[in-house]
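Trainee:
Residue numbers (my numbering): 1 to 360.
1. Distance cutoff 9 Å, beta carbons only. Does residue 7 sit that close to anything in chain D?
2. Which residue's Cα is closest to the Cα of residue 271: 156, 60 and 284?
3. Please check the pair residue 224 and residue 247, which I expect to be a contact at CB under 8 Å, by giving their CB distance rounded to whole angstroms.
4. Going by C-alpha to C-alpha distance, which of 33, 64, 52 and 139 sits closest to residue 347?
5. Tell me which same chain residues have a C-beta within less than 7 Å of the C-beta of residue 109, skipping the five on either side of it?
6. Going by DSSP, what residues sit across from residue 124 in a beta bridge?
7. Measuring CA to CA, which of 259, 178, 151 and 6 is closest to residue 189?
8. Based on DSSP bridge pairs, tell me the residues matched to residue 34.
9. In the DSSP output, what is residue 283 paired with across the bridge?
10. Using the Cβ count rule (16 or more neighbours within 10 Å means buried), how would you classify residue 155?
11. Check whether the Cβ atoms of residue 286 and residue 27 lie closer than 9 Å to each other.
12. Thinking C-beta only, is residue 187 closer than 9 Å to residue 261?
13. Closest to residue 31 by C-alpha separation, out of 7, 114, 43 and 14, would be which residue?
14. Three-state secondary structure (DSSP) at residue 72?
15. Give the DSSP-derived three-state secondary structure of residue 218 in the structure shown.
16. Taking only three categories from DSSP, how would you classify residue 17?
17. How would you call residue 92, buried or exposed, if buried means at least 16 neighbouring beta carbons within 10 angstroms?
18. By the 10 Å Cβ neighbour count, where 16 or more other Cβ atoms means buried, how is residue 308 classified, buried or exposed?
19. Thinking just about the alpha-carbon of each residue, which of 244, 303, 169 and 209 is nearest to the one in residue 112?
20. Where do the ends of the alpha helix (DSSP H) carrying residue 48 lie?
Now the structure itself:
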């Protein structure tokens with residue numbers, strides 16, 4: 001009989017699994033593992049780590065995920081991996097070359113990225129971001145938005161989502177139902193959105209347009225007009241009436257990192273509230289072995305509904321088994337990148353994480 005799958009994407013401490021991590025992963029049978037900068041040294045090392053994770057957990061369908069959006073938010077970097085622009089640069093491309101070229105660039109971006117991920121054994125990308133840009137959008141998100149135009153955001157997201165799936169990578173659109181109006185960085189506190197549901201329709205539109213995506217990540221935001229007491233990640237009302245019904249999303253729903261300070265309470269409370277609200281799984285990112293041990297002792301497993309959604313994700317991995325010829329996409333992509341000024345992101349993610357740990 002198959003073991004139940006723990007409803008969690010966990011994380012590990014370094015470039016190799018410790019003996020304790022091996023025991024914990026084997027015991028807990030988590031949905032998968034998310035990789036971060038501390039887990040990445042070079043291509044050969046990543047490949048070995050991914051193989052080790054799958055072997056220890058003992059399933060071929062283990063999800064191994066990474067944030068490879070482009071620009072500042074990418075874990076796989078030059079010289080071993082292809083360079084990639086931030087999502088906001090696609091709006092610059094649209095203004096210079098037109099919308100059709102920009103959308104084609106988004107497709108090429110996803111195929112090039114997929115090629116790099118597949119070479120390492122990674123099968124999930126926490127991308128694209130479908131948040132709509134606003135003048136007061138938090139610095140944590142500004143360069144990660146395609147545009148202030150919801151229609152263009154929707155189309156670029158669609159191009160990337162389809163390209164990733166065709167290449168055999170599961171995309172995870174974020175941050176549902178839309179984080180662009182948030183002024184607070186959720187790593188450090190809970191963003192509160194005062195606008196009404198009617199005023200938020202344009203924020204929802206890119207997600208409605210891509211409601212058939214296989215996977216999505218929640219936003220740690222408080223939508224006062226939906227649920228004034230709970231952030232979306234932990235709100236039954238928001239997940240049921242907004243994400244599942246109004247947006248119409250039927251795919252696998254994972255929480256943003258439960259370690260962020262937007263969520264309050266113990267680790268157990270954060271996880272249980274998120275899953276009880278309707279998330280199919282949670283994401284834990286800090287790589288602390290004590291936390292990992294605690295998570296592996298929880299009894300939060302994928303529900304029957306979540307397993308059905310997970311089965312659809314696994315079908316994506318069967319796509320494009322002969323690999324991707326990215327040569328024409330690289331040429332097209334690089335030719336256009338050379339003719340724009342890439343967005344310079346001043347946000348210091350390392351400092352944010354440092355402050356996050358200080359508040360722990």
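Backbone N, C-alpha and C define an ideal beta-carbon position, used for all residues, glycine too.
Mentor: According to the structure shown:
1. No chain D is part of this structure, which consists of one protein chain only.
2. For the purposes of this step, residue 271 is identified with residue 271 of the chain shown, where counting begins at 1. Ranking 156, 60 and 284 by Cα distance to residue 271 puts 284 first.
3. Here the question's residue 224 lines up with position 224 in the chain shown. Here the question's residue 247 lines up with position 247 in the chain shown. Between residue 247 and residue 224 the Cβ distance is about 18 Å, and since that is not below 8 Å, they are no contact.
4. Locating residue 347 in the chain shown gives position 347, where the first residue counts as 1. When each option's Cα is compared against that of residue 347, the closest is 139.
5. Walking along the chain shown from the start, residue 109 turns up at place 109. 70, 84, 160 and 333, listed in sequence order.
6. Counting from one through the chain shown, the residue named residue 124 turns up at place 124. Per DSSP, 65 and 170.
7. Taking the chain shown and counting its residues from 1, one reaches residue 189 at position 189. Answer by Cα proximity: 259.
8. What you label residue 34 is simply residue 34 of the chain shown in a count that begins at 1. Answer is 65, bridged to residue 34.
9. Counting from one through the chain shown, the residue named residue 283 turns up at place 283. Partner(s): 9 and 257.
10. Within the chain shown, residue 155 is the residue found at index 155, counting from 1. It counts as buried.
11. Position 286 of the chain shown, counted from the first residue, corresponds to residue 286. Position 27 of the chain shown, counted from the first residue, corresponds to residue 27. If you check the CB distance, residue 286 and residue 27 do not come in under 9 Å.
12. By 1-based counting over the chain shown, the position of residue 261 is 261. By 1-based counting over the chain shown, the position of residue 187 is 187. Result yes, Cβ atoms of residue 261 and residue 187 sit closer than 9 Å.
13. In the chain shown, the residue the question calls residue 31 occupies position 31. For the set 7, 114, 43 and 14, the Cα lying nearest the Cα of residue 31 is the one of 7.
14. For the purposes of this step, residue 72 is taken as residue 72 along the chain shown, with counting starting at 1. In this structure, DSSP gives residue 72 a state outside helix and strand, which the three-state scheme calls coil.
15. As a position in the chain shown, residue 218 is number 218, starting the count at 1. Strand, per DSSP.
16. On the chain shown, residue 17 is found 17 positions in, with the first residue counted as 1. Assignment of residue 17 by DSSP, reduced to helix, strand and coil, places it in the coil class.
17. Translated into positions along the chain shown, residue 92 becomes position 92. The residue in question, residue 92, is buried, as its Cβ has 16 or more Cβ neighbours within 10 Å.
18. Taking the chain shown and counting its residues from 1, the one referred to as residue 308 is at position 308. Of the other Cβ atoms in all chains shown, fewer than 16 fall within 10 Å of the Cβ of residue 308; this residue is therefore exposed.
19. Counting from 1 along the chain shown, the entry for residue 112 is found at position 112. Sorting 244, 303, 169 and 209 by C-alpha distance to the C-alpha of residue 112 places 169 at the top.
20. Indexing the chain shown from 1 puts residue 48 at position 48. That run of the alpha helix (DSSP H) goes 43–57.
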